[in-house]
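Residue numbers (our numbering): 1 to 390.
Yeah, the Cβ is synthetic: ideal placement off N, Cα and C, and Gly gets one too.
Data block below; observations after.
And the structure:
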């Protein structure tokens, strides 16, 4: 099995490896794989790193600026490699990121979660650039990794880069939610996009006692958590490990058109009240646990938070069970004003979920868990015996 010799010669990549080890993001047993499977070998010439300071994507191009390109490849940041399902052209970021190379710290945490040993069969759901499939193959062994990608162009690029690196997983074009029965059952299944409904096919294709690791979340927000589930062949259950953000499964994306909810005259005519929660209480930070936990407790609700303008920020809520909606306008120095309409009082539900969470001492994500059965999905706090449907 060939490795990428140039990988060990770049100071940035050497420093990245040391940083991942020091932070605990990469287990020491994965160091050999990190050194052998070079992220840069799987990336396209043009990509869009995420600027952690300015909070925006920008483009880098290897032919015109190789120094900036390799600096991005060797940084612990996510890199968008496709926008708008491939329809996007040009240098500027597109509307929706639809394929990427996840931050190395995220990738190697997921790999560590799998508890993967040599000789285990693996299904990699969401090939992307191909780097993760290559890392899994390096760890598991030749002939034991199957990788599935829904996008033909993305899959072809990954397959080409994998071959060039001397790595040969079984590559499949298809909906990863269906798994790949021809090579099942698998000891381990890794999903690298966010799920809303955990596919039963993946559980059925996992060996009894095998592990499934996947980002999972509700429709409430983009906040997900890494679910680590153990399968018994027909059901799977386990704790969430930590919060994370991943692109949505293409087959499970949820789009809301506000015009279907809010009338042309806007909030006029809605019930008006004031919020008990402050913006500081409600806005726990992009990677805080609250958005994920609120999604567990407020079913069938989508939150859409607008950017802050001056001293105020509106946050909207839309119900998928009817045409209920709510808008909360947080404004510095005053109690937030609330407008609600429809059979549900969505903001009241959100406040009740917040009070439930704080009343329990604000438990972290790792105290919650997920159980998936043929009848549906249930989440729980501490004990699967005390679960509720989502």
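Discussion item. Once DSSP output is grouped into helix, strand and coil, what is the label at residue 271?
Written reply: strand
Discussion item. Once DSSP output is grouped into helix, strand and coil, what is the label at residue 23?
Written reply: helix
Worksheet item: What three-state label does DSSP hand residue 131 in the structure shown?
Response: helix
Worksheet entry | Contained beta strand (DSSP E) runs [length at least 3] in the segment 350-382, N- to C-terminal order | 368-373, 376-381
Worksheet entry | Which of helix, strand or coil DSSP assigns to residue 385 | coil
Worksheet item: How many angstroms separate the CA atom of residue 376 from the CA atom of residue 62?
Response: 46 Å
Item to complete: Have a look at residue 370 and residue 136 and give me their C-alpha separation to the nearest angstrom.
Response: 25 Å
Worksheet item: Taking the DSSP output, what are the residues bridged to residue 304?
Response: 316
Discussion item. Under 8 Å, with one C-beta from each stretch per pair, do the segment 252-268 and the segment 230-241 reach the 3-pair mark?
Written reply: no
Fill in: Chain-order list of residues whose beta-carbon lies under 8 Å from that of residue 197 (same chain, five-residue window excluded)
252, 377
Worksheet item: What residue from 127, 152, 195 has the CA that sits closest to residue 162's CA?
Response: 127
Practice prompt. Could you tell me which of 380, 58, 323, 220 sits nearest to residue 344, measuring between CA atoms?
Written response: 323
Practice prompt. Count the CB pairs spanning the segment 183-190 and the segment 198-210 that are closer than 8 Å, and state whether there are at least three.
Written response: yes
Worksheet entry | Neighbourhood of residue 382 by C-beta, 6 Å cutoff - its chain only, sequence neighbours within 5 removed | 367
Worksheet item: Near residue 64, what residues of its chain come up, given a Cβ to Cβ distance below 8 Å and the 5 sequence neighbours on each side ignored?
Response: none
Practice prompt. Go through its chain and collect everything with a Cβ distance to residue 11's Cβ below 7 Å, but skip five positions before and after it.
Written response: none
Worksheet entry | C-beta contact flag for residue 219 and residue 320 at 8 Å | yes
Worksheet item: Would a C-beta distance cut-off of 8 Å place residue 316 and residue 263 closer than the cut-off?
Response: no
Worksheet item: Buried or exposed: where does residue 151 fall if 16 or more other Cβ atoms within 10 Å of its Cβ makes it buried?
Response: buried
Discussion item. Please state whether the Cβ-Cβ distance between residue 248 and residue 193 is less than 8 Å.
Written reply: yes
Discussion item. Tell me the DSSP secondary structure of residue 33 in three-state form.
Written reply: helix
Worksheet entry | With 16 other Cβ atoms within 10 Å as the buried cut-off, status of residue 388 | exposed
Item to complete: Identify which residue in 85, 331, 211 has its Cα closest to the Cα of residue 121.
Response: 211
Discussion item. Give the list of continuous beta strand (DSSP E) stretches no shorter than 3 residues that lie fully inside the segment 84-136.
Written reply: 97-101, 122-125
Worksheet item: Are residue 139 and residue 101 touching if we call contact CB-CB under 8 Å?
Response: no
Worksheet item: How far does the beta strand (DSSP E) with residue 212 in it reach, from first residue to last?
Response: 206-216
Worksheet item: How long is the line joining the alpha carbons of residue 67 and residue 19, rounded to whole angstroms?
Response: 20 Å
Worksheet item: What did DSSP end up calling residue 70 once you bin it into helix, strand or coil?
Response: helix
Worksheet item: Leaving out the 5 sequence neighbours to the left and right, which residues in its chain are closer than 6 Å to residue 271 when beta-carbon positions are compared?
Response: 340
Practice prompt. Use the C-beta contact count for residue 293: other C-beta atoms within 10 angstroms, 16 or more gives buried, fewer gives exposed.
Written response: buried
Worksheet item: Around the Cβ of residue 268, are there at least 16 other Cβ atoms within 10 angstroms (buried) or fewer (exposed)?
Response: exposed
Discussion item. Just to check my reading of the structure: residue 336 and residue 274 have Cβ atoms closer than 8 Å, yes? What is that Cβ distance to the nearest angstrom?
Written reply: 7 Å
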